[in-house]
Amino acid sequence: MARLRSDVTARLRREGLAPGDDVRLTQEIRFCRTPDGVRLAYAMTGQGPPLVKAANWLTHLDHDWRSPVWRHWLVGLSRHRTLVRYDERGCGLSDRDVAEHSFEAWVRDLEAVVDAAGLERFPVLGLSQGAGVAVAYAARHPERVSRLVLYGGFAQGRRHRASGPAELAEHELELQVTRGGWGSDNPAFRQVFTSQFMPQASRELWAEFNELQRRTAHPDDAAAILAVSASIDVMAEAPLVRAPTLVLHARDDRRPPFSQGLLLASLVPGARFVALDSANHILLEDEPAWPVFLREVEAFLAEE
Numbered sequence: 272m273a274r275l276r277s278d279v280t281a282r283l284r285r286e287g288l289a290p291g292d293d294v295r296l297t298q299e300i301r302f303c304r305t306p307d308g309v310r311l312a313y314a315m316t317g318q319g320p321p322l323v324k325a326a327n328w329l330t331h332l333d334h335d336w337r338s339p340v341w342r343h344w345l346v347g348l349s350r351h352r353t354l355v356r357y358d359e360r361g362c363g364l365s366d367r368d369v370a371e372h373s374f375e376a377w378v379r380d381l382e383a384v385v386d387a388a389g390l391e392r393f394p395v396l397g398l399s400q401g402a403g404v405a406v407a408y409a410a411r412h413p414e415r416v417s418r419l420v421l422y423g424g425f426a427q428g429r430r431h432r433a434s435g436p437a438e439l440a441e442h443e444l445e446l447q448v449t450r451g452g453w454g455s456d457n458p459a460f461r462q463v464f465t466s467q468f469m470p471q472a473s474r475e476l477w478a479e480f481n482e483l484q485r486r487t488a489h490p491d492d493a494a495a496i497l498a499v500s501a502s503i504d505v506m507a508e509a510p511l512v513r514a515p516t517l518v519l520h521a522r523d524d525r526r527p528p529f530s531q532g533l534l535l536a537s538l539v540p541g542a543r544f545v546a547l548d549s550a551n552h553i554l555l556e557d558e559p560a561w562p563v564f565l566r567e568v569e570a571f572l573a574e575e
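If you're matching positions, the sequence shown starts at 272 in this note's numbering and goes up one per residue.
As structure tokens, then:
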């Protein structure tokens, strides 16, 4: 019996799965066009009612499917639902080197994907910078958003929440590092971001995340996306959201601070807030906060 379990585990790893994954789970990738002609790649996994994930930085539909950084997220969120997610413009399998990077373009991209997927009413999940896009979409399309889940998000990008010149200078330095070293074979430049996104991860996961960053976007696109993210401001739109909302945030997150999660929850009428015991912006499969996140999200969506 032990030999059989070992053989099964080896096969799952060869196929890009982890023990406990549903081996029947498959990914279907499709494409659509935005109003300004950008080709977006989107994917569907799982079965059941839809859950739409707004795009966030550092995704690659094909690579993420096999990556230990994101695989448990995709399997977990597809367990009871059809997860619809997409690579934002400039990232992954979507068009690179696009003419426009802007917050309004990001919202239009979400509109294009859900229309192409034929969805009418659905819950939306926003992670990190995707939280602002999800908030804006929910505020502008209340008839289509049934529930809103926001994790690790922020109402104000770095330019708006900076406490002074030093924080703004730090952001500008990040942009310079991204433009200069993002595509390099030397991961040292990308490690700056990795240690902030996943400070509690193993060296093996750090290496995976460094590689994911290199595959995800070209240096100019990565820098442009960072710049737009820093300019996000949904302070005025968050109070207009009418969908029931769940906000979750890691207590020691080193990217958007915990205070931004609290701010989001205070701005969206009736939002419920859950604090997670973690320092990771991307929750790891083997940390206690991950099953808590899944339970909270599943219970919240089950109330639809």
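By construction, the Cβ of each residue, glycine as well, lies at the ideal position given by its N, Cα and C atoms. A quick note: this is a predicted structure, and the numbers were derived from the prediction, not measured.
For residue j and residue i, the rounded distance between their alpha carbons
{"i": "Arg525", "j": "Ala472", "result": "14 Å"}
{"i": "Trp561", "j": "Pro321", "result": "21 Å"}
{"i": "Val395", "j": "Arg356", "result": "10 Å"}
{"i": "Pro436", "j": "Asn551", "result": "26 Å"}
{"i": "Pro559", "j": "Glu574", "result": "24 Å"}
{"i": "Tyr313", "j": "Arg301", "result": "5 Å"}
{"i": "Val539", "j": "Arg461", "result": "34 Å"}
{"i": "Gly243", "j": "Val340", "result": "Since the first and last residues shown for the chain are 272 and 575, residue 243 lies out of range."}
{"i": "Leu554", "j": "Thr305", "result": "31 Å"}
{"i": "Tyr422", "j": "Ala407", "result": "15 Å"}
{"i": "Thr226", "j": "Gly532", "result": "In the structure as shown, the chain begins at 272 and stops at 575. Residue 226 is therefore absent and cannot be evaluated."}
Those residues which DSSP pairs with residue i across a bridge
{"i": "Gly401", "result": "Beta-bridge pairing links Gly401 to no other residue."}
{"i": "His520", "result": "Ala546"}
{"i": "Asp504", "result": "Gln427"}
{"i": "Glu299", "result": "Met315"}
{"i": "Arg304", "result": "Arg310"}
Nearest candidate by alpha-carbon position, reference residue i, set the options
{"i": "Asp548", "options": "Ala494, Leu534, Gly541, Phe564", "result": "Phe564"}
{"i": "Ala507", "options": "Leu555, Glu441, Arg342, Leu534", "result": "Leu534"}
{"i": "Thr330", "options": "Arg474, Val323, Gly317, Gln484", "result": "Gln484"}
{"i": "Val378", "options": "Arg360, Leu345, His520", "result": "Arg360"}
{"i": "Asp368", "options": "Arg430, Arg310, Arg461", "result": "Arg310"}
{"i": "Asn259", "options": "Phe425, Glu414, Pro339", "result": "There is no way to answer for residue 259, as the model of the chain reaches only from 272 to 575."}
{"i": "Arg430", "options": "Glu414, Ala498, Asn481", "result": "Ala498"}
{"i": "Pro591", "options": "Gln318, Ala514, Thr297, Gly363", "result": "As shown, the chain starts at 272 and ends at 575. That puts residue 591 outside it, with no answer to give."}
{"i": "Glu371", "options": "Ala387, Val404, Ile496", "result": "Ile496"}
{"i": "Arg513", "options": "Arg522, Phe529, Ser466, Arg411", "result": "Arg411"}
Rounded Cβ spacing between residue i and residue j (contact assumed at less than 8 Å)
{"i": "Val568", "j": "Val420", "result": "6 Å"}
{"i": "Ser500", "j": "Gln400", "result": "4 Å"}
{"i": "His351", "j": "Gly308", "result": "No, His351 and Gly308 are not in contact; Cβ-Cβ is about 36 Å, not under 8 Å."}
{"i": "Ala509", "j": "Val404", "result": "In fact, because the Cβ distance is near 12 Å, the residues do not count as touching under 8 Å."}
Buried versus exposed, by CB contacts within 10 Å (16 or more), residue i
{"i": "Gly541", "result": "exposed"}
{"i": "Glu299", "result": "exposed"}
{"i": "Ala488", "result": "buried"}
{"i": "Val294", "result": "Bear in mind that a pLDDT of 45 at Val294, under 50, signals an unreliable position, so the model cannot answer this."}
{"i": "Thr297", "result": "exposed"}
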